[in-house]
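Enquirer:
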Amino acid sequence: MLDIKLLRDQADHVRQRLATRGAGDEKFVDEVLALDDQRRKAVKEVEDLKAERNRSSKEIGALMGQKKLAEAEAAKVRVREIGDKITALDKQVAEVEASRDAILMRLPNLPHASVALGKDAADNPTIRTWGEKPTHAFKPKNHVELCQSLKLIDFERGTKLSGSGFLLYTGWGAKLERALISFLLDLHSTEHAYHEVSPPYIVGEHCMVGVGQFPKFRDQAYAVQEGNDASTMGKLYLLPTAEAPVANIHRDELLAESQLPVRYVAYSPCFRAEAGAAGLGTRGMIRVHQFDKVELIKIVKPEDGYAELETLVGNAEKVLQLLGLHYKVINLCTGDMGFASAKTYDIEVWAPGQNQYLEVSSCSNCEDFQSRRMNLRYKRESDGQNILPHILNGSGTALARLFVALVETHQQADGSILIPEPLQPYLKAERIA
RNA sequence: GGAGAGAUGGCUGAGUGGUUUAAGGCGCACGCCUGGAAAGCGUGAGUAGGCUAAUACCCUACCUGGGGUUCGAAUCCCUAUCUCUCCGCCA
């Protein structure tokens with residue numbers, strides 16, 4: 218959520234930055250400001266009335282103490298009228314405030330000044346590349362063929378169980394998935410000093426609101442219901458990313474400055490309805506309803522936010538370097554950025570069998586956009602002020618696509634997969650054949 | 001799932017309709033004291049909104065959330081959530 222004070226003080230700036238996203242949200246700024254103005258006028262009025270009621274009620278108490286009952290009764294009648302006005306005005310304030318916040322909650326974050334202007338993915342500048350596209354002395358197979366020939370995934374039976382977009386990992390496929398998860402958790406918790414956590418996979422609505430998934434992207438989530446009790450429907454949701462629970466760990470807390478920076482790493486499966494998304498229904502692992510991911514979350518002082526974003530991307534890149542996978546880092550342009558983010562780097566890994574780059578990580582600084590939504594602050598030591606920290610998230614990394622890049626890159630002419638050396642202790646094998 | 005008891009500030013803990021401006025204690029910050037500490041003594045300190053040049057004053061709200069009764073609610077009523085105890089079920 219954007220700071221209402223920023224909209225009041227720098228409306229033109231907010232409009233201009235929102236416009237760079239190309240979604241037309243800038244037109245809502247005036248609407249928010251009008252409602253805000255309306256709210257403040259009503260608040261002033263009702264608070265003055267409340268002050269008067271408080272004074273009068275005290276006087277009534279004193280009159281009753283002195284047994285001046287007739288005077289007290291007369292005063293009660295007067296104050297009751299004030300009370301009726303207050304009731305009506307309170308309701309009005311609540312309504313106006315709800316209208317204002319409903320719009321505010323749907324406004325995306327402002328892109329950071331360093332983000333490239335652009336319309337869509339075609340305008341995303343490449344920041345750097347690592348390694349090169351591997352050259353195979355044979356025509357590389359795609360992951361679907363490899364998974365079938367090595368029996369890593371049973372696509373048909375996955376679909377039989379849960380419909381299209383769900384995977385049944387089998388044998389070495391299941392072991393490889395498990396090995397990757399352990400490898401990633403160990404790398405980030407040991408080498409990169411993230412604190413490992415394992416969150417619930419079902420979260421309350423307030424967590425989804427906190428990270429900015431709701432209210433705007435409600436249709437992308439799987440809602441949960443307890444048995445046939447329809448009243449429980451939508452109180453809880455399957456998480457679309459571990460960001461939802463982990464970024465909310467300290468919601469409604471006032472942290473000490475000495476607690477920062479907070480860095481968490483968590484594994485979770487991710488569930489996405491992918492309503493209306495292209496690529497679902499086709500066989501493969503590129504776009505599915507459930508995939509595994511190891512997520513990195515940071516809560517840091519605002520002045521450290523952007524330096525921390527750079528190291529976050531570096532931590533995710535390290536995964537691909539250790540696994541010997543060619544990738545490029547791109548910066549999402551203003552028109553392609555996610556709702557809550559002020560600046561995002563995507564990491565795209567090369568998949569030879571697909572002959573394309575696949576997005577395996579998205580690293581963002583959401584600045585104080587989420588901390589304001591979830592009421593997370595820290596007390597600054599120098600002046601005792603309560604400050605909204607920056608919250609960052611990054612995939613470190615998503616697994617289904619990492620799996621694809623790994624098997625396609627390290628496939629051999631005989632159809633086997635060579636396992637990169639850092640992963641061998643986890644899989645307890647050097648080759649899948 | 002059933003029965004009962006609870007939720008008060010950073011922590012603890014009093015308060016059952018109007019001297020509560022939420023006592024007392026612990027902890028915290030500052031000062032006095034000290035060679036330096038501890039102890040002791042003193043002072044101060046919450047969050048959000050409104051009004052403001054102001055992080056000054058003043059006003060409003062906040063005792064888990066929501067709703068109600070009342071001139072007036074931490075206190076009475078309803079409700080949701082969570083915690084604890086016991087019973088049942090269960091990996």
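With the working numbering, the residue at position 429 of the first sequence is 646, and numbering never jumps. Where a beta carbon is used, it is the ideal one built from N, C-alpha and C, also for glycine.
#1: From which residue to which residue does the alpha helix (DSSP H) around Gln602 run?
#2: State the DSSP-derived secondary structure class of Gly335, mapped to helix, strand or coil.
#3: Do Leu456 and Val420 come within 8 Å of each other at the CB atom, strictly closer than that value?
#4: Provide the residue span of the alpha helix (DSSP H) that contains Lys392, from first to last.
#5: Please report the straight-line C-alpha distance between Val479 and Glu422, rounded to a whole angstrom.
#6: Nearest-angstrom Cα distance between Asp521 and His230?
#7: Which partner residues does Phe444 have in the DSSP bridge list?
#8: Name, in chain order, the residues that DSSP records as bridge partners for Lys560.
#9: Starting from Phe488, follow its DSSP beta bridges and name the residues at the other end.
#10: Can you tell which of Lys222, Arg272, Ser273, Asp242 has the C-alpha that lies nearest to the C-alpha of Arg257?
#11: Residue range of the beta strand (DSSP E) that Arg317 falls in?
#12: Identify, in the order they occur along the chain, each residue of the same chain with its Cβ nearer than 8 Å to the Cβ of Ala494, setting aside the five sequence neighbours on each side.
#13: Would you kindly report the start and end of the unbroken alpha helix (DSSP H) that includes Glu248?
#14: Quick check: Ala236 and Asn548, are their CB atoms within less than 8 Å of each other?
#15: Assuming Val313 and Leu252 are in contact, meaning their beta carbons sit under 8 Å apart, how far apart are those beta carbons, in whole angstroms?
#16: Would you report the Cα separation of Leu280 and Lys261, rounded to the nearest angstrom?
#17: For the beta strand (DSSP E) containing Asn532, list its first residue and its last residue.
#18: Going by DSSP, what residues sit across from Asn548 in a beta bridge?
#19: If you run the structure through DSSP and keep just helix, strand and coil, what is Ser612?
#20: Starting from the Cα of Val249, find the closest Cα among Asp220, Ile320, Gly300 and give me that residue.
#21: Provide the residue span of the alpha helix (DSSP H) that contains Ile221, from first to last.
#22: Can the beta-carbon of Val536 be found closer than 8 Å to that of Glu525?
#23: Looking at C-alpha atoms only, which residue of Lys285, Glu269, Pro325 is the closest neighbour of Arg590?
#24: Run through the DSSP bridge pairs and tell me what Thr343 is partnered with.
Expert: Considering the structure as presented:
#1: Here residue 602 refers to the residue found at position 385 when the first sequence is read from its first residue. Gln602 -> no alpha helix (DSSP H), and no H or E assigned at all.
#2: Sequence index remark: in the first sequence, residue 335 carries index 118 (1-based). Coil at Gly335, not helix or strand.
#3: Here the question's residue 420 lines up with position 203 in the first sequence. Here the question's residue 456 lines up with position 239 in the first sequence. Yes, they are a contact pair.
#4: Here the question's residue 392 lines up with position 175 in the first sequence. Lys392: member of the alpha helix (DSSP H) spanning 388–403, first to last residue.
#5: In the first sequence, residue 479 corresponds to position 262, counting from 1. In the first sequence, residue 422 corresponds to position 205, counting from 1. Rounded to whole angstroms, Val479 to Glu422 spans 24 Å at the Cα level.
#6: Translated into the one-based positions of the first sequence, residue 521 becomes position 304. Translated into the one-based positions of the first sequence, residue 230 becomes position 13. Cα to Cα, the separation comes out at about 23 Å.
#7: As a working note, residue 444 is residue 227 in the first sequence. The sequence as given places Gly at residue 444; Phe does not occur at that position. By DSSP's assignment, Gly444 forms no beta bridge with any residue.
#8: Counting from one through the first sequence, the residue named residue 560 turns up at place 343. According to DSSP, which records beta bridges pairwise, Lys560 is partnered with Asn582.
#9: Here residue 488 refers to the residue found at position 271 when the first sequence is read from its first residue. BP columns for Phe488 point to Gln507.
#10: For the purposes of this step, residue 257 is taken as the residue at position 40 of the first sequence. Of the listed residues, the one whose Cα sits closest to Arg257 is Lys222.
#11: Here residue 317 corresponds to residue number 100 of the first sequence, with the count starting at 1. Per DSSP, Arg317 belongs to no beta strand (DSSP E); it is in the alpha helix (DSSP H), 286–321.
#12: The count along the first sequence starts at 1 and reaches residue 494 at position 277. If the five residues before and after Ala494 are omitted, its C-beta is found closer than 8 Å to the C-beta atoms of Arg504, all from its own chain and listed in chain order.
#13: On the first sequence, residue 248 is found 31 positions in, with the first residue counted as 1. Start and end: 246–282.
#14: Against the first sequence, residue 236 aligns to sequence position 19. Against the first sequence, residue 548 aligns to sequence position 331. Ala236 places its beta carbon 8 Å or farther from that of Asn548.
#15: Against the first sequence, residue 313 aligns to sequence position 96. Against the first sequence, residue 252 aligns to sequence position 35. 6 Å between Cβ atoms; contact.
#16: As a first step, residue 280 must be located in the first sequence, where it is residue number 63. As a first step, residue 261 must be located in the first sequence, where it is residue number 44. Roughly 29 Å separates the two Cα atoms.
#17: Here the question's residue 532 lines up with position 315 in the first sequence. Taken as a continuous stretch (DSSP letters only), Asn532 belongs to no beta strand (DSSP E), being part of the alpha helix (DSSP H) at 522–539.
#18: If you number the first sequence from 1, residue 548 lands on position 331. When DSSP reads this structure, Asn548 sits in a beta bridge with Tyr562.
#19: In the first sequence, residue 612 corresponds to position 395, counting from 1. In the structure shown, Ser612 adopts extended strand secondary structure according to DSSP, grouped into three states.
#20: The residue you call residue 249 lines up with position 32 of the first sequence. Distance from the Cα of Val249 is smallest, within the candidate group Asp220, Ile320, Gly300, for Ile320.
#21: Looking up residue 221 in the first sequence gives position 4. For Ile221, the uninterrupted alpha helix (DSSP H) segment begins and ends at 221–226.
#22: Taking the first sequence and counting its residues from 1, the one referred to as residue 536 is at position 319. Taking the first sequence and counting its residues from 1, the one referred to as residue 525 is at position 308. For Val536 and Glu525, no; Cβs fall outside 8 Å.
#23: In the first sequence, the residue the question calls residue 590 occupies position 373. The residue with the shortest Cα to Cα distance from Arg590 is Pro325.
#24: Along the first sequence, read from residue 1 onward, the residue named residue 343 stands at position 126. Paired residue(s): Ile547.
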